[in-house]
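For the sequence shown, the working numbering assigns the number 4 to the initial residue and increments by one for each residue that follows.
Structure first, commentary second.
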Amino acid sequence: MARKKSDYNPDLSADVGLTIKRAEHAGLKLAIIGRSVSLVLLGVWLVLSRVSNNPDIAISFAFLVGGFLVLGLLHYRLIATRFDFFWIKYLFITLDIAIISALIGTQPLYPEMDLPAVIIFRSSLFPLYFVILGVAAFSFSPRLVLWSGVVGALGWLGAYLAAAKRDVLVLDWSDIPLNPTAQQVVDVILNPRFGGTGSRFQEGVILIVVALLIAIVMYRAQITLRDKISAERDRQSITGIFGRFVPEPIVTAMIEDEGLLEPIEREATILFADVVGFTSLTERLGPKKTVEVLNSYFDEMTGIVTDQNGIVATFHGDAILAIFNVPLENTDHTRHALKAAEEMLSRVQNKSFAGEEISIRIGLNSGSVIAGNVGGGGRQSYTVYGDAVNLAARKEKNVSLLVSEYTRSKLTDPSLLRLMGNTTVRGQSRPLDVFTLEECIL
């Protein structure tokens, strides 16, 4: 079955949470660096442009910029430390907005002139809130971005209301008469006391809407990241279970349908192969050479099995346990298993492995098995259980291939198999017939 987006995986959630947290820390640090550089450039311009005409204002700007730099440095030092509580980033964003809003709401545009306080809202100060929103966006946190938008809107409106309160009379859009002339509109809008309360509220709403859109984009990015991490974990899990013994198409199919690794009961064909005289071989070659021979042999045999749509489930000593029809369905699994056995025997007869010639015996059986991903302590393997597996491990000394009657009954062309006799199997009410190929009789 396909993966459900709502499925909860605590390990995956922890991985995603840690990854997002790291991205948030890195983003905030980068944003603070960019904020600091921008403040330095802005501060230099503000000071140099005013130092000759109004040194006091220039000094005030220098202290103001220095204060923002100190706040940024303090936040930078707290990030990813034990003092970096969840509310810290919200606090520093709020402080930035509060300081800017307080300055806008309380400081006159030109101190030396007697101008209405609301005239400051005709200057290009509102974009400063979008700069703060941009800094918050580096955090990769939808909540922080949305918080910045809402607090920024409240700060902007609070600054306007504080400035408007200091003025005796503030003109608004409602002061334009019905059916006005062009001159009447100009007289109201260009009046120094025109505040445009509705426009200020509209700007606040726009800031919140933009923050909401950015937050939605970030939320979707987090979902994409979660899916990517999930897919990568699936790939690593499957690779860890099956190693390099599964072809890429099968790995891809398993990743797309993680239900394939869940426990199932299904008919399958089991191939069991071992090396003839392995004990004497190890005594003669020694451990190092034996491992070289086995590695070369396993590589060749695994390639044959996977070419026939099978999977090598287990290597146990010199033995290979291969399965057909699990975890991926294969309606012609008996034919593929028999073909794999023939090719394995042919390859062994015509090739040496690490310079050594060996012989193998193979047993094939088909039947119902229980297959699934099992393990513990962080280590898992895909394994099959059942009488069908045990019967596949039974072999005869005088043949290199033994095929059970169950496997033969499912072949479309069983005529090539020769009856060898029967064998008694524990749990079966009658002896079972076993078969082989003519060329496999020793």
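Beta carbons: idealized from backbone N, C-alpha and C, even for Gly.
Note that the structure is a prediction, hence the values are computed from the model and not measured.
Counting along the chain, E268 sits inside the beta strand (DSSP E) bounded by residues 267 to 278. In the structure shown, E286 adopts helical secondary structure according to DSSP, grouped into three states. A396 sits away from F318, with the two beta carbons spaced by 8 Å or more.
One alpha carbon belongs to L157, the other to V377, and they sit about 56 Å apart. Beta-bridge partners assigned by DSSP to T426: L435. Closest in alpha carbon position to G30, among L147, S362, G375, is L147. If you draw a straight line from the Cα of L297 to the Cα of S407, it is about 27 Å long. Three or more Cβ pairs closer than 8 Å define a contact, and the stretch 138 to 154 meets that threshold against the stretch 215 to 223.
Under DSSP, A343 forms no beta bridge with any residue. Relative to the Cα of A139, the nearest Cα in the group G75, S202, A166 belongs to G75. In the DSSP assignment, L98 falls within the unbroken alpha helix (DSSP H) covering 91 to 109.
Under the DSSP definition of a beta bridge, L367 partners with L274, V406. Every alpha helix (DSSP H) of 4 residues or more that sits fully in the stretch 180 to 218 is shown, in chain order, as 185 to 192.
The C-beta separation of A65 from G108 comes to about 22 Å, leaving the pair out of contact by the 8 Å criterion. Residue range 58 to 81 is occupied by the alpha helix (DSSP H) that includes L72.
In the three-state reduction of the DSSP assignment, F86 falls in the coil class.
Between T427 and L440, the alpha-carbon positions lie close to 21 Å from each other. In this structure, T337 places its C-beta atom within 8 Å of the C-beta atom of T272. Exposed is the label assigned to N401, since fewer than 16 other Cβ atoms lie within 10 Å of its Cβ. Taking the C-beta atoms as reference points, R364 is found nearer than 8 Å to S403. In the DSSP assignment, the residues bridged to A325 are L274, V315. Each residue's CA atom was taken as its position, placing D416 and A344 some 16 Å apart. Sequence-distant Cβ neighbours of L160 in its own chain, meaning closer than 8 Å and more than five residues away, are R203, F204, G207. Around the beta carbon of Q311, 16 or more other beta carbons lie within 10 angstroms, which makes this residue buried.
Within the model, the alpha-carbon separation for S39 versus G69 is close to 10 Å.
In the three-state DSSP reduction, A374 falls in the strand class (E or B). By DSSP's assignment, R421 forms a beta bridge with T439. Going by beta carbons, F129 and G198 fall outside the 8 Å limit. Only residues of its own chain outside the window of five on either side were considered, and among them S142, F143, S144 have a CB closer than 6 Å to the CB of E27, listed in chain order. Comparing alpha carbon positions, the residue from F356, D59, F71 closest to I35 is F71. Beta-bridge partners assigned by DSSP to Y385: N376.
One Cα belongs to T22, the other to N56, and the distance between them is close to 52 Å. When DSSP reads this structure, F143 sits in no beta bridge, so it has no partner. Taking a contact as a CB-CB distance under 8 Å, the pair P114 and P195 does not count as one, their CB atoms being some 16 Å apart. Apart from the 5 residues on each side of it in sequence, I307 sits with its Cβ closer than 7 Å to the Cβ of A343, E346, M347, R350 in its chain, given in chain order. CA-CA distance, M423 to P290, rounds to 37 Å.
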